[in-house]
Amino acid sequence: MTTPTTLSPKWYTTAQVAEMLGFGMYKTKSLIASGELRSLKDGKYRRILPEWVDEYVSRRAQENEA
Numbered sequence: 007m008t009t010p011t012t013l014s015p016k017w018y019t020t021a022q023v024a025e026m027l028g029f030g031m032y033k034t035k036s037l038i039a040s041g042e043l044r045s046l047k048d049g050k051y052r053r054i055l056p057e058w059v060d061e062y063v064s065r066r067a068q069e070n071e072a
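Structural data, given as C-alpha cells:
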C-alpha cells in the first residue's frame with residue numbers, strides 16, 4: 007500500500023502568483039516587467055520560481071519596516 011505523494015510546484019504561472027499575492031494580472035505583469043518580481047521565459051509563457059515570490063514578499067516587508 008502506497009501513500010499518495012503531494013508534489014509542490016517547481017514554478018508558478020503569472021496567474022498563480024497573482025492569486026497568491028492577492029493582485030490582479032495587470033499589477034503582477036507590471037511587477038515582472040519592472041523587474042521587481044523575477045521571472046523566466048519558458049516558450050511563450052512566463053514562469054516564477056517559488057523562491058522569487060518569497061524574495062519579493064520579504065523585500066516588500068523590509069521596505070515597509072524601514
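Each residue of the sequence shown is one higher than the one before, starting from 7 at the first, in this note's numbering. Even glycine gets a Cβ: it sits at the ideal position worked out from N, Cα and C. On a predicted model such as this, the values are computed, not experimentally measured, just so you know.
| Query | Result |
| --- | --- |
| For Lys-16, does the three-state DSSP call read helix, strand or coil? | coil |
| Rounded to a whole number of angstroms, what is the C-alpha to C-alpha distance between Gly-30 and Pro-10? | 33 Å |
| Secondary structure at Arg-66, three-state DSSP: helix, strand or coil? | helix |
| Do Ser-45 and Arg-53 count as a contact pair if the criterion is CB distance below 8 Å? | yes |
| Comparing C-alpha positions only, which one of Ser-36, Ala-24 and Trp-58 sits nearest to Lys-16? | Trp-58 |
| How long is the line joining the alpha carbons of Pro-56 and Tyr-18, rounded to whole angstroms? | 7 Å |
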